[in-house]
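Reading through the structure tokens given below for one structure.
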Amino acid sequence: MQVETGRQRRVARSHGVAASALRLGAIFMAWAAIWGVLRAIGGEGTWWGPLHAFMAGTVLLAISGATQLFSTTWSASVPADPRLAAAQRWSLAVGALLAVLGVANEVDWMTISGATLVGIGLVALGWILVGIVRRSLLRRFDLASRFYLLALASGAVGVTLGGIIGSGVGGSSYLDLRTAHMHLNLVGLVGFSILGTLPTLLPTTARHKLVSGKEAVAAFWLCVGAFALFTAGIVSGPAVVGIGCILVGAAAALILGGIVSRLGIARLLRGGLPALLILSGSLWLTGWVGHEAYTLLAEGHLLYARATAVGAAGVGLVLFGSLAYLVPVLAGPGERLTANFARMHGQGAMRSVVANAVPVLLALGVRSEVPVALAALFLVDYLVRVVLVLTVGRRGAATTP
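Here the sequence shown stands for residues 80 to 480, numbered as in the working numbering.
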């Protein structure tokens, strides 16, 4: 009985850490959405602000909460001290806020301070994950943890470059720094985190256990090579970064191919909205990385934002698919899980089509108002369902005899 109580306390603590990070991330998501709508309506300014509010705020905080939750629960470990976890997520949140506002308003001290705090938050998250792994009782999640630590190392370098670029210190090396920065963050920090999670989370949405084999180990080492090449791109130029993208594309193909070959596409699709969004988002990211490799090798530096927006849309699909699974789990309690899954996942095929129409239109170069309107439609429906899970689902549980 005491062991079970301890396990429940451990799970509750890890859920609390994840939920706190996701709540902070939701604030950045609202900020990015409002900023994006105003940008689409007004037609002035760039998409840099909404994109970085989403990526540096929402996505990084989601990575912070999810990696701690997964590492704790799937390796039967003990979560970090709540005070350390709180300091880590607030470092990320405040840093992302300062960095975005600093660059948008050309305030160098704010940009540098924000990048520094984000970097500290990433290092602290690495420290937390190492501690969780050391305390773990099961070693089945060790490979995923290595992906996470590699992602955080990539992000630490990428964020440092972002602070240098945003404060105008880059000088003649601006293009090399910008290319390395973007790929270390979007492909490295975000992409490696996704690749490390896919063999566990994607099968989980289809009610299946961890799916991983030698192909995942090979994918990890390909990502290690990609990280080295992205970093080398700081001084060696875009072609080196393009080769790194080829390695990441191969790693993604190995992991996705391993999952699909073991489970079958039919079983994955029965996972509903979470599986549809995670799988399609991963495919968009894989295609985007391939496009990046071709462009960097054939044409040099990237000077446009459309392809980056497609990559960010792929990240968004994976994020919303993951949250579609996690929100009902975190909302609890267990006896209402089935009903809350139904609320969150209803009309999954149609909603997935709407969500995937956004990167399709972005890739085709359609005027931004159209994909923004579709994204807003998807997001409003999504948020209504989240509210229902957090209110009706919990009240229903409270009245259950």
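Ideal Cβ positions, reconstructed from N, Cα and C, are used throughout, including at glycine.
Since we're looking at a predicted model, the values are computed, not measured.
#1: Please report the Cβ distance between A141 and L101, rounded to the nearest whole angstrom; I am assuming they are in contact, meaning their Cβ atoms lie under 8 Å.
#2: Classify H380 as helix, strand or coil using the three-state DSSP reduction.
#3: Quick one: is M429 buried, meaning 16 or more other Cβ sit within 10 Å of its Cβ, or exposed?
#4: In the structure shown, what three-state DSSP assignment does Q426 receive?
#5: Find the nearest neighbour of G350 within the set A235, R341, C324, H424, judged by alpha-carbon distance.
#6: According to DSSP, is A155 part of a helix, a strand, or is it coil?
#7: How would you write the range of the alpha helix (DSSP H) that N264 sits in, first residue to last?
#8: Out of I211, A203, R214, L171, point me to the one whose CA is closest to G193's CA.
#9: Use the C-beta contact count for Q147: other C-beta atoms within 10 angstroms, 16 or more gives buried, fewer gives exposed.
#10: List in chain order: all unbroken alpha helix (DSSP H) runs of 4+ residues lying wholly within the region 399-466.
#11: If you follow the alpha helix (DSSP H) that R341 is in, where does it begin and where does it stop?
#12: Quick one: residues in its chain with C-beta nearer than 8 Å to the C-beta of C324, no 5 flanking neighbours on either side, listed in chain order?
#13: May I ask you to verify whether the region 223-241 touches the region 198-209, counting CB pairs closer than 8 Å and requiring at least 3?
#14: Okay, do the region 236-252 and the region 272-292 touch, 3+ Cβ pairs below 8 Å being the bar?
#15: Is the separation between the beta-carbon of F220 and that of S154 shorter than 8 Å?
#16: Could you tell me the alpha carbon to alpha carbon distance between A418 and V182, rounded to whole angstroms?
#17: For the alpha helix (DSSP H) containing H131, list its first residue and its last residue.
#18: By DSSP, does E371 sit in helix, in strand, or in coil?
#19: Tell me the rounded alpha-carbon separation between T137 and R346.
#20: Residues in the same chain with beta-carbon distance under 8 Å from G321, minus the five sequence neighbours each way, listed in chain order, please.
#21: Please work out which residues of its chain come closer than 8 Å, Cβ to Cβ, to V296, disregarding the five sequence neighbours upstream and downstream, and give them in chain order.
#22: Any idea what DSSP makes of V186, helix, strand or coil?
#23: How is the alpha helix (DSSP H) around D221 delimited, first residue to last?
#24: Cα separation between A477 and L254?
#25: Between which two residues does the alpha helix (DSSP H) harbouring S272 extend?
#26: So, at 6 Å on beta carbons, what are the nonlocal neighbours of Q81 in its own chain, with the 5 sequence-adjacent residues on each side left out?
#27: Here's a check: name, in chain order, each residue in its chain whose Cβ is nearer than 6 Å to the Cβ of V465, leaving out the five neighbours to either side.
#28: Using the three-state DSSP reduction, which class does R218 fall into: helix, strand or coil?
#29: Less than 7 Å between C-beta atoms, sequence neighbours within five positions excluded: which residues of the same chain meet that for I334?
#30: Apply the 10 Å Cβ neighbour rule to T470 and answer buried if 16 or more other Cβ atoms are within range, or exposed otherwise.
#31: Return the chain-ordered list of same chain residues with a C-beta closer than 6 Å to the C-beta of P317, the five sequence neighbours on each side being excluded.
#32: Is it right to say R422 is buried, meaning 16 or more other beta carbons lie within 10 angstroms of its own, or is it exposed?
#33: Closest to W300 by C-alpha separation, out of S93, R92, A331, A175, would be which residue?
#34: Do you know how far the Cα of I344 is from the Cα of W127?
#35: Confirm, please, whether the CB-CB distance from V397 to A442 is below 8 Å.
Inspection of the coordinates gives the following:
#1: Between L101 and A141 the Cβ distance is about 6 Å, and since that is below 8 Å, they are a contact.
#2: coil
#3: exposed
#4: coil
#5: H424
#6: coil
#7: N264 -> no alpha helix (DSSP H), and no H or E assigned at all.
#8: L171
#9: Here Q147 is buried: its Cβ has 16 or more other Cβ atoms, across all protein chains shown, within 10 Å.
#10: 416-424, 427-443
#11: 317-342
#12: Closer than 8 Å at the Cβ level, and outside the excluded window around C324, lie H262, V266, A305, V368, G369, E371, A372, L375.
#13: yes
#14: no
#15: Cβ distance < 8 Å, so F220 and S154 count as in contact.
#16: 44 Å
#17: 127-131
#18: Secondary structure of E371 (DSSP, three-state): helix.
#19: 30 Å
#20: Non-local C-beta neighbours of G321 in its own chain, meaning closer than 8 Å and more than five positions away in sequence, comprise E371, A372, Y373, T374, L375, L376, ordered along the chain.
#21: L222
#22: coil
#23: 221-245
#24: The predicted model places A477 with a pLDDT of 44, which falls under 50 and marks its position as unreliable, so this point remains unresolved.
#25: 271-284
#26: Only weak support exists for where Q81 lies, its pLDDT of 43 falling under 50; the coordinates are left without a value.
#27: Correct list, in chain order: V406.
#28: coil
#29: L274, L277, P278, E294, A295, A298
#30: Exposed, by the Cβ-count rule.
#31: T258, L375, G379, H380
#32: buried
#33: Put simply, of S93, R92, A331, A175 the residue whose alpha carbon is nearest the alpha carbon of W300 is A331.
#34: 36 Å
#35: no
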